[in-house]
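Number of protein chains: 2
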Amino acid sequence: MADALSATFAALADPTRRAILERLALGEATVMDLAAPFDLSQPAISKHLKVLERAGLVARSRDAQRRPCHLVAAPMQDVATWVERYRQHWEARLDRLEVYLRDLQATEDAEESE
Amino acid sequence: MADALSATFAALADPTRRAILERLALGEATVMDLAAPFDLSQPAISKHLKVLERAGLVARSRDAQRRPCHLVAAPMQDVATWVERYRQHWEARLDRLEVYLRDLQATEDAEESE
DNA sequence: CCGATCCATAACCTTCTGGCTATATAAACA
DNA sequence: TGTTTATATAGCCAGAAGGTTATGGATCGG
Numbered sequence: 025m026a027d028a029l030s031a032t033f034a035a036l037a038d039p040t041r042r043a044i045l046e047r048l049a050l051g052e053a054t055v056m057d058l059a060a061p062f063d064l065s066q067p068a069i070s071k072h073l074k075v076l077e078r079a080g081l082v083a084r085s086r087d088a089q090r091r092p093c094h095l096v097a098a099p100m101q102d103v104a105t106w107v108e109r110y111r112q113h114w115e116a117r118l119d120r121l122e123v124y125l126r127d128l129q130a131t132e133d134a135e136e137s138e
Numbered sequence: 025m026a027d028a029l030s031a032t033f034a035a036l037a038d039p040t041r042r043a044i045l046e047r048l049a050l051g052e053a054t055v056m057d058l059a060a061p062f063d064l065s066q067p068a069i070s071k072h073l074k075v076l077e078r079a080g081l082v083a084r085s086r087d088a089q090r091r092p093c094h095l096v097a098a099p100m101q102d103v104a105t106w107v108e109r110y111r112q113h114w115e116a117r118l119d120r121l122e123v124y125l126r127d128l129q130a131t132e133d134a135e136e137s138e
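Protein chains in written order, with this note's numbering: chain A, 25 to 138; chain B, 25 to 138.
The following block contains the structure:
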């Protein structure tokens, strides 16, 4: 799991960590702030933050004994770029769904006119 | 890790699995086809495929004793949607970089004219 | 029917993950 | 200086992840 992209995906594969990121999207927050919504110990949150930090998704500053965290979304851009390659595939799927629904509608219209 | 999005991110957090998906983006392939590029045992590939299948990223059909796999990109759309929320953050960062570079250039220009 | 092919499953091992408690560190505060 | 507050670290544990070899099952081909 040496590569950066794998680390990013792995960091995002945990709902607690995603919730932390969503909170940080609103602005800087301390470890205590981030821990509050969860029924988890403080060390557990610190571990999650370390995972996010190693993935480059979070950076920290210093404010007295606090270590405010802030979001660094750059690695998510890499995720977005990677995933974008598959856009045509899911759009194709939706296109087929549209065709199916249109055909279905056409069939129903034809039946109505019988 | 019960939720679908976590399962998708976890599935994507492995370079072997991402390579398999990239191969499948080119078209259907058998397990043997998919295993060929890797220095891994066949059961290892089967395990990876099972992870991808449980994440909904891959589906399989039947062709004699073969089980051709094909890509299902729909879960990636969910990933794309989730990640999109952070676009403004990474773009803001790039904007700040642009401002920084522009200011830097302005300073250099000013120094040259001294 | 029999061997070869394709793939899945079982059993096992090691490493990683995510949680805990207890403790250490660092800075503020009284 | 001693206490409280904020956070990190250490040590432990259970379960999941990712690999292996060995084996089983389905299907084609002779």
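C-beta atoms are modelled at their ideal positions from N, C-alpha and C, and glycine is treated no differently.
| Item | Value |
| --- | --- |
| Simplified DSSP state of LEU45 (chain B), which is helix, strand or coil | helix |
| C-beta contact flag for SER30 (chain B) and PRO39 (chain A) at 9 Å | yes |
| For SER137 (chain B), three-class secondary structure by DSSP | Unreliable placement is indicated for SER137 (chain B), whose pLDDT of 48 sits below 50; the coordinate value is still reported in the next sentence. Looking at SER137 (chain B) - three-state DSSP - the assignment turns out to be coil, as it is neither helix nor strand. |
| Span separating the alpha-carbon of GLU108 (chain B) from that of ARG126 (chain B) | 27 Å |
| Expected contact under 8 Å - CB spacing of LEU48 (chain A) and VAL103 (chain A) to nearest Å | Going by Cβ atoms, the distance from LEU48 (chain A) to VAL103 (chain A) rounds to 16 Å, so no, they are not a contact pair. |
| Cβ pair PRO1 (chain B), ALA26 (chain B) closer than 9 Å | Residue 1 (chain B) lies beyond the range of chain B shown here (25 to 138); nothing can be said about it. |
| Endpoints, the alpha helix (DSSP H) within which VAL96 (chain A) is located | From DSSP, VAL96 (chain A) is part of no alpha helix (DSSP H); its letter is neither H nor E. |
| Residues of its chain near TYR110 (chain B), where Cβ-Cβ distance is below 6 Å and the 5 sequence neighbours each way are ignored | none |
| CB contact check: ASP57 (chain B) to chain A, cutoff 9 Å | no |
| Within chain A, partners of PRO39 (chain B) - CB distance below 7 Å | ASP27, SER30 |
| Close beta carbons around ALA34 (chain A), own chain, < 7 Å, minus the five adjacent residues each side | MET25 |
| Within chain B, the residues that LEU95 (chain A) reaches when beta carbons sit closer than 9 Å | TYR110, HIS113 |
| From A:LEU45, A:GLU77, A:ARG91, residue whose alpha carbon lies closest to that of MET56 (chain A) | A:ARG91 |
| Local Cβ density within 10 Å of THR105 (chain A), reported as buried at 16 or more and exposed below that | exposed |
| Residues of the stretch 74-103 of chain B whose Cβ lies closer than 7 Å to any Cβ of chain A, in chain order | LEU95, ALA97, ALA98, MET100, GLN101, VAL103 |
| Collapsed DSSP secondary structure at ARG78 (chain A) in the structure displayed | helix |
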